[in-house]
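Student: Take a look at this one; I'll ask things after.
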Amino acid sequence: MLDAHAKPLVEITGMCKWYGDFSALFDINLTVHEGEKVVVCGPSGSGKSTMIRCINQLEAHQKGTIRVDGVEVSPELKNIEGIRREVGMVFQSFNLFPHMTILDNLTLGPTRNRGISKKEARDLAMHYLERVHIAEQAEKYPVQLSGGQQQRVAIARALCMKPKVMLFDEPTSALDPEMIAGVLDVMIELAEEGMTMIVVTHEMGFARKVADRVVFMDQGEIIEVAEPEQFFSNPQSDRAQLFLSQLLGH
Amino acid sequence: MQGRVSVPTPRAQRTRDDTGLDLRRVRQVFWQISQALAVFAIIGYLIWRGAVAMEYNWQWYRIEPFFYREIDGEIYWGPLVKGLIETLRLASIAGVLAILIGFVTAFARLSNSFAGRIIATWYLEAIRNTPLLVQLFLFYFVLAPIFGIDRFWAGVLCLAFFEGSFAAEIIRGGIVGVEKGQYEGADAIGLNVVDKYRFIVVPQALPLILPPLTGLIISLIKHSAIVSVIAVSELTTAGLNLIADTFMAFEVWFLVAGIYLAVTITLSIGVSLFERSLNKSKR
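In order, the protein sequence lines correspond to chains A and B. Position one of the first sequence corresponds to residue 756 (the numbering used here), numbered consecutively onward. Position one of the second sequence corresponds to residue 346 (the numbering used here), numbered consecutively onward.
Shown next, in the form of structure tokens:
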């Protein structure tokens, strides 16, 4: 599955993060290559979200390095917006802008940051809205959409920036059960098109289907990195075994 | 209805309310209004009695020239109208400046800059904890000669800095009230700081800021009366001058108060209409 010549897009080496005395992340090492899909799982509070939020510096790390497409990101970096434009992010709670129409939500980034015209941005936005099967809602406001639709809009909004890598922070956790499939379908389509993706999720079916590698985290550390087949059938660490048994055991 | 107590549905209730006159409700409203009128009547009577007792000579018939004079078919505005215009000019300039100062101070307090936070906090504490009248004297007798500004601008600046300190806290509250996820959403699509506030944060803070800010502008209009002590020729000064000329203290002060009331009530009705249209567009 993995192209041996693919270049590393996200490289995390020796990253640590503390909140006061509490160690949130410890010695994280992870390299994600172009086109690769990585699913991050683990019990809640294990630092999964914090880790991917460090990649676009929504959270600052204190030690170690993170490189995105060769550029080191750090809290001191002046042009952090430049990195964020290359990294799409989808949040658990969507974070759409409620005072703007769906279309305006999508065109804001491209027109402000990519310097393209309103017309082009509109075409771009409609293209991605069609891809997430929601084009007919373009003129509505976020509150008028269901949770699943809102999350698909959020995915389209991130895609409009033509990011090199997409980060998903528990994209289906805030959704009603019947809404989850639609969002996962969009993510699977995206994966099939070759997007580089780092996905924090509890959807193990999705992980099995899409992931090139599964990263298992617990208590701020990466415990295990394995291909999904191996991870689900034969987890190496005790903690992963426990986690999987709790997750799949009923 | 099959022996059950019939409870009207909201719709049934509504149609009932719409069609017939509900006598109980009418009587209730009538009673409330009479109560209010009675209170007003008592107050009015007491004032009238008091004025009679001190042998006050009401001269309402003389007030017309306070507003305007017609000479040879041409209209000349009287002192109260001129004063009102000056008050509006003073208050609107000071209001705009106060909001600007408020935004700058609010952002300074929220910024990462230590110097910005310190200066903003000092400004807020100094202004909010000293009397407006003392500030006015400082502006007029100390700062005005140093910077060579006239009495009108000394009054404008004093009011702007005074109300600006309150505006700053209102605006800061509104900005802090915007959800954290909105900042992250803006960050995630790579907006720079200016765009983030311009397109995402401030538009969402506005509905939170607007109602208390209206109150602030109204109090600014009222506070503007204080510049009469440095003889800026606004409405209150015009009133003082009229009394000095005519000795009609009661009539003039009632008129001046009435004019302030008309301005502030118009303003608050206007803003509440604006707010309603703002909410409508947001659904």
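For every residue, glycine included, the Cβ atom is placed at its ideal position computed from N, Cα and C. Values in this document were obtained by computation on a predicted structure and should not be read as measured data.
Along the chain, where does the alpha helix (DSSP H) that runs through residue 586(B) open and close?
Tutor: By 1-based counting over the second sequence, the position of residue 586(B) is 241. It spans 580 to 591 - the alpha helix (DSSP H) in which residue 586(B) sits, taken as one unbroken run.
Student: Give me the chain A residues within the contact set of residue 544(B), using Cβ-Cβ distance strictly less than 7 angstroms, ordered along the chain.
Tutor: As a position in the second sequence, residue 544(B) is number 199, starting the count at 1. Correct list: 863.
Student: Return helix, strand or coil for residue 403(B), following the three-state DSSP convention.
Tutor: Against the second sequence, residue 403(B) aligns to sequence position 58. The answer is coil: DSSP assigns residue 403(B) none of H, G, I, E or B.
Student: Residue range of the alpha helix (DSSP H) that residue 481(B) falls in?
Tutor: Counting from one through the second sequence, the residue named residue 481(B) turns up at place 136. Its alpha helix (DSSP H) spans residues 477 to 482.
Student: Excluding five sequence neighbours on each side, which residues of the same chain lie with their C-beta closer than 7 angstroms to the C-beta of residue 881(A)?
Tutor: Along the first sequence, one-based indexing puts residue 881(A) at 126. Around residue 881(A): 890 and 893.
Student: Step through the CB atoms of chain A and report whether any lies within less than 9 angstroms of the CB of residue 621(B).
Tutor: Taking the first residue of the second sequence as position 1, residue 621(B) is located at position 276. No, residue 621(B) does not count as interfacial toward chain A.
Student: Between the alpha carbons of residue 604(B) and residue 429(B), how many angstroms are there, rounded?
Tutor: Numbered from 1 along the second sequence, position 259 holds the residue referred to as residue 604(B). Numbered from 1 along the second sequence, position 84 holds the residue referred to as residue 429(B). Cα to Cα, residue 604(B) sits roughly 8 angstroms from residue 429(B).
Student: Less than 8 angstroms separating the Cβ of residue 833(A) from some heavy atom of the ligand COA?
Tutor: This structure lacks the ligand COA; in fact it carries no ligand of any kind.
Student: Assuming residue 575(B) contacts residue 485(B) under a Cβ cut-off of 8 angstroms, what Cβ separation, rounded to an integer in Å, is found between them?
Tutor: Taking the first residue of the second sequence as position 1, residue 575(B) is located at position 230. Taking the first residue of the second sequence as position 1, residue 485(B) is located at position 140. Right, the Cβ-Cβ distance comes to about 5 angstroms (below 8 angstroms), so this counts as a contact.
Student: Less than 9 angstroms between the C-beta atoms of residue 529(B) and residue 813(A), yes or no?
Tutor: For this step, residue 529(B) is matched to residue 184 along the second sequence. For this step, residue 813(A) is matched to residue 58 along the first sequence. Taking 9 angstroms as the Cβ cut-off, residue 529(B) and residue 813(A) qualify as a contacting pair.
Student: Where are the alpha helix (DSSP H) runs, 4 residues long or more, that stay fully inside the segment 794 to 842 of chain A, in chain order?
Tutor: DSSP runs (the alpha helix (DSSP H)) wholly in the segment 794 to 842 of chain A: 803 to 810 and 835 to 841.
Student: Alpha carbon to alpha carbon, how far is residue 404(B) from residue 539(B)?
Tutor: For this step, residue 404(B) is matched to residue 59 along the second sequence. For this step, residue 539(B) is matched to residue 194 along the second sequence. The alpha-carbon atoms of residue 404(B) and residue 539(B) are separated by roughly 59 angstroms.
Student: Which bits of chain B does residue 886(A) rub up against, with CB to CB less than 7 angstroms?
Tutor: As a first step, residue 886(A) is located in the first sequence; it is residue number 131 there, counting from the start. Near residue 886(A) there are no residues of chain B at all, since even the closest Cβ is about 17 angstroms away, more than 7 angstroms.
Student: Tell me which residue opens and which closes the alpha helix (DSSP H) that residue 952(A) is part of.
Tutor: Residue 952(A) sits at position 197 when you count from the first residue of the first sequence. Segment 951 to 955 is the beta strand (DSSP E) holding residue 952(A); no alpha helix (DSSP H) there.
Student: Can you find at least 3 beta carbon pairs, one from the segment 564 to 573 of chain B and one from the segment 502 to 521 of chain B, that sit closer than 8 angstroms?
Tutor: The answer is yes - the segment 502 to 521 of chain B touches the segment 564 to 573 of chain B, with three or more Cβ pairs under 8 angstroms.
Student: With H, G and I counted as helix, E and B as strand and the rest as coil, what does DSSP make of residue 575(B)?
Tutor: In the second sequence, counting from the first residue as 1, residue 575(B) sits at position 230. Helix, per DSSP.
Student: Give a yes or no on whether 9 angstroms exceeds the smallest Cβ distance from residue 536(B) to chain A.
Tutor: Numbered from its first residue, the second sequence carries residue 536(B) at position 191. So yes, residue 536(B) belongs to the interface.
Student: Beta-carbon within less than 6 angstroms of residue 838(A)'s beta-carbon, same chain only, minus the 5 sequence neighbours each way: which residues are those?
Tutor: As a first step, residue 838(A) is located in the first sequence; it is residue number 83 there, counting from the start. Within the same chain, residue 838(A) has close Cβ partners 823 and 828.
Student: Please list the terminal residues of the continuous alpha helix (DSSP H) segment that includes residue 388(B).
Tutor: Here residue 388(B) is taken as the residue at index 43 of the second sequence, counted from 1. Segment 368 to 398, the alpha helix (DSSP H) holding residue 388(B).
Student: Looking at the C-beta of residue 576(B), does it have a partner C-beta in chain A at a distance below 9 angstroms?
Tutor: By one-based count along the second sequence, residue 576(B) stands at place 231. Closer than 9 angstroms: no.
Student: Per DSSP, what are the beta-bridge partners of residue 568(B) in this structure?
Tutor: Within the second sequence, numbered from 1, the residue matching residue 568(B) stands at position 223. For residue 568(B), which the question treats as bridged, DSSP gives no partner whatsoever.
Student: Any chance you could list the beta strand (DSSP E) runs of at least 3 consecutive residues sitting entirely within the segment 405 to 487 of chain B, in chain order?
Tutor: Entirely contained in the segment 405 to 487 of chain B, the beta strand (DSSP E) runs reaching 3 residues are, in chain order, 413 to 416 and 419 to 422.
Student: According to the neighbour-count rule (16 or more other Cβ atoms, all chains shown, within 10 Å of its Cβ), is residue 454(B) buried or exposed?
Tutor: As a working mapping, residue 454(B) is identified with position 109 in the second sequence. So residue 454(B) counts as buried.
Student: Between the segment 519 to 533 of chain B and chain A, which residues of the former have a C-beta closer than 7 angstroms to a C-beta of the latter?
Tutor: Cβ contacts with chain A: 526, 527, 529, 530, 532 and 533.
Student: Using a Cβ cut-off of 9 angstroms (strictly closer), state whether residue 784(A) contacts chain B.
Tutor: Here residue 784(A) refers to the residue found at position 29 of the first sequence. Residue 784(A) does not count as touching chain B.
Student: If you drop the 5 nearest sequence neighbours on each side, which residues of the same chain put their C-beta closer than 7 angstroms to that of residue 414(B)?
Tutor: One-based indexing of the second sequence puts residue 414(B) at position 69. The answer, listed in chain order, is 421 and 423.
Student: Could you confirm whether any beta carbon from chain B is found closer than 9 angstroms to the beta carbon of residue 950(A)?
Tutor: Against the first sequence, residue 950(A) aligns to sequence position 195. Not one chain B Cβ lies under 9 angstroms of residue 950(A).
Student: Closer than 7 angstroms by C-beta to residue 756(A): which residues in its own chain qualify, once you throw out the five before and the five after it? Chain order, please.
Tutor: Indexing the first sequence from 1 puts residue 756(A) at position 1. Residue placement at residue 756(A) is flagged as unreliable, the pLDDT there being 48, under the threshold of 50; a coordinate-derived value is accordingly withheld.
Student: Strictly below 7 angstroms CB to CB, what residues from chain B border residue 844(A)?
Tutor: The count along the first sequence starts at 1 and reaches residue 844(A) at position 89. The answer, in chain order, is 533.
Student: Report all residues from its chain with a CB closer than 7 angstroms to the CB of residue 929(A); omit the five preceding and five following residues, and keep chain order.
Tutor: In the first sequence, counting from the first residue as 1, residue 929(A) sits at position 174. Excluding residues within five positions, the ones whose Cβ falls inside 7 angstroms are 847, 848 and 902.
Student: For residue 503(B), which of helix, strand or coil comes out of DSSP?
Tutor: By one-based count along the second sequence, residue 503(B) stands at place 158. Three-state DSSP puts residue 503(B) in a helix.
Student: What residues from chain B crowd round residue 916(A), counting only those whose CB sits closer than 8 angstroms?
Tutor: Taking the first sequence and counting its residues from 1, the one referred to as residue 916(A) is at position 161. Simply 534 and 535.
Student: Select from 845(A), 816(A) and 931(A) the residue whose C-alpha is nearest the C-alpha of residue 774(A).
Tutor: In the first sequence, the residue the question calls residue 774(A) occupies position 19. Of 845(A), 816(A) and 931(A), the residue nearest in Cα terms is 816(A).
Student: By DSSP, does residue 522(B) sit in helix, in strand, or in coil?
Tutor: To locate residue 522(B), count along the second sequence from 1; it is residue 177. Here residue 522(B) sits in coil by DSSP.
Student: Find the residues of chain B that neighbour residue 848(A), judging by a C-beta separation of less than 7 angstroms, and give them in chain order.
Tutor: Counting from one through the first sequence, the residue named residue 848(A) turns up at place 93. The contacting residues are 526.
Student: Check whether the Cβ atoms of residue 942(A) and residue 796(A) lie closer than 9 angstroms to each other.
Tutor: Against the first sequence, residue 942(A) aligns to sequence position 187. Against the first sequence, residue 796(A) aligns to sequence position 41. No.
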